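Student: Numbering (this note's numbering), first residue to last: 128 to 484.
Just so you know, even glycine gets a beta-carbon here, dropped at the ideal spot from N, CA and C.
Please read all numbers here as calculations on a predicted model, not as lab measurements.
Just passing along the structure, written as structure tokens.
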């Protein structure tokens, strides 16, 4: 992809390998944006007109826009986070925004598919909401395996994959106080495997690797990051074990586990979650192209995810795009994408909840 640079004042914009980056001199802050073509700036004349870069100018931070056109919730981990190897430590935490769901609702509508939207959304938000120090990943000293287990990769990360009934992968984590533990198995449309997970030797649940309904995004993703939340875990050392419960050599793949329980002085990353932006109604009988009802349902799903994870201690905030951008002809490039005016209004919705310096 050609390199594009725009210079005016302190701003330098470039587009490299699908990720647009703006650098701002004089302030060490970073901002990572995830989403679909709306975050990417589809229909705009210049990438610098997209809302992440407008926020970057207003807040004087370095911006990296990882968003990809057409992406759905399950695409973000598979196409935006893991191929880039994103897992920043406490010393280098960005502020992140996740604005996703427009393509989910317009392609798949409301109903059973919302379960998959929410699982992938929870996986992304928890991954971004925990620094590297709060995760125990496959291949680390606190992970171990029993039976036929192979080390594979998902993007730039290692995963333990079981290869026989009864094979297992275990992860040890310590909690300084009672709280939740998160786990990130892979979900895969093409797998018929099943597995159980246990904490400290007590089986909690048996699950299937294949989600129902399937991931099957419009951009071709069929394997992505799943999510498990184990609640009411006491303070102390714990072992979470994943054991293949089906025959065959295709088992469960585990990226790792983590916990939002913080040590004294730790500050978790700030993740801002966006509501589904307004669209222009076309009369098509699916998603928000028909009416606002479907978009409002997905916005409720996003809000439910935020409230659930905030109760665990994650540092999350909601930016309500619909308080600022209304999908009127004046604001829209087409039925789906905001124009430069609409992006200025989306930027205002982010800035309204941006953390104070």
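Please say whether residue 229 and residue 179 have beta carbons closer to each other than 8 angstroms?
Tutor: No, the Cβ-Cβ distance between residue 179 and residue 229 is not below 8 angstroms.
Student: Kindly list the residues whose CB is nearer than 6 angstroms to the CB of residue 344, restricted to its own chain and excluding five residues on each side of it in sequence; keep chain order.
Tutor: 199, 201 and 202
Student: Residues in the same chain with beta-carbon distance under 7 angstroms from residue 471, minus the five sequence neighbours each way, listed in chain order, please.
Tutor: For residue 471, where only same-chain residues beyond five positions count, the Cβ hits under 7 angstroms are 181.
Student: What is the C-beta distance between residue 400 and residue 442, in whole angstroms, given that I count them as a contact (C-beta under 8 angstroms)?
Tutor: Their Cβ separation, rounded to whole angstroms, is 11 angstroms, which puts residue 400 and residue 442 out of contact at 8 angstroms.
Student: Whether or not the region 284-292 and the region 374-394 are in contact is what I'm after, with contact meaning three or more pairs of Cβ atoms, one per stretch, closer than 8 angstroms; do they touch?
Tutor: Contact between the region 374-394 and the region 284-292 is present, because at least three Cβ pairs lie under 8 angstroms.
Student: Mind reading off the beta-carbon distance from residue 170 to residue 460? Whole number of angstroms is fine, and I expect it under 8 angstroms.
Tutor: 3 angstroms
Student: Tell me which residue opens and which closes the beta strand (DSSP E) that residue 192 is part of.
Tutor: 189-192
Student: For residue 309, which residues does DSSP report across the bridge?
Tutor: 356 and 385
Student: Out of 418, 446, 414 and 440, which has the shortest C-alpha to C-alpha gap to residue 117?
Tutor: This structure gives no information on residue 117, because the portion of the chain shown stretches from 128 to 484.
Student: Using the C-alpha atoms, what's the distance from residue 207 back to residue 360?
Tutor: If you take the alpha carbons of residue 360 and residue 207, they lie about 31 angstroms apart.
Student: Taking the alpha helix (DSSP H) that residue 287 belongs to, which residues open and close that run?
Tutor: Per DSSP, residue 287 belongs to no alpha helix (DSSP H); it is in the beta strand (DSSP E), 284-289.
Student: Counting only C-beta atoms, is residue 323 closer than 8 angstroms to chain B at any point?
Tutor: In the structure shown, chain B cannot be found, because there is only a single protein chain.
Student: Suppose contacts are defined by Cβ-Cβ distances below 8 angstroms. Is residue 274 in contact with residue 305 by that definition?
Tutor: Result no, Cβ atoms of residue 274 and residue 305 do not sit closer than 8 angstroms.
Student: Hey, would you say residue 176 sits closer than 8 angstroms to residue 292, going by beta carbons?
Tutor: In this structure, residue 176 lies away from residue 292, with their beta-carbon atoms at least 8 angstroms apart.
Student: What three-state label does DSSP hand residue 341 in the structure shown?
Tutor: coil
Student: From the DSSP output, in three-state form, read off residue 241 for me.
Tutor: helix
Student: Could you tell me whether the Cβ atoms of residue 303 and residue 390 are closer together than 8 angstroms?
Tutor: yes
Student: Considering only the alpha carbon of each residue, which of 468, 226 and 218 lies closest to residue 257?
Tutor: 218
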